[in-house]
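*Asks:*
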Amino acid sequence: MAGNPWKRRDAWRSQGAFTRANRFRGALPGFFWGLGAFGVYCVYEKVFLTNDHHGHHEEHH
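Note that UniProt numbering has the sequence shown beginning at 1, numbered continuously upward.
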């Protein structure tokens, strides 16, 4: 037997929109947007929402 008899029929799976890079690129469409938003929120929380009075056991009335 000389090679794979189905090779020509399966050739479309590795061309155009079905290449390995394109399949993985579309697997997680919002991942990088979510990762960026999470990073922005972490910076916002660290800069603007810090609690300078932690550790003090005084009660403020």
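Positions of the beta carbon are idealized from the N, C-alpha and C atoms, including for glycine.
1. Quick check: what's the CA-CA separation for Pro5 versus Leu28?
2. Using three-state DSSP, classify Gly3 as helix, strand or coil.
3. Is Arg20 helix, strand or coil when you go by DSSP?
*Replies:* So, to answer that:
1. To locate residue 5, count along the sequence shown from 1; it is residue 5. To locate residue 28, count along the sequence shown from 1; it is residue 28. Straight-line Cα distance between these residues: approximately 34 Å.
2. As a working mapping, residue 3 is identified with position 3 in the sequence shown. DSSP places Gly3 in coil when its eight states are reduced to three.
3. What you label residue 20 is simply residue 20 of the sequence shown in a count that begins at 1. In the displayed model, Arg20 falls within a helix according to three-state DSSP.
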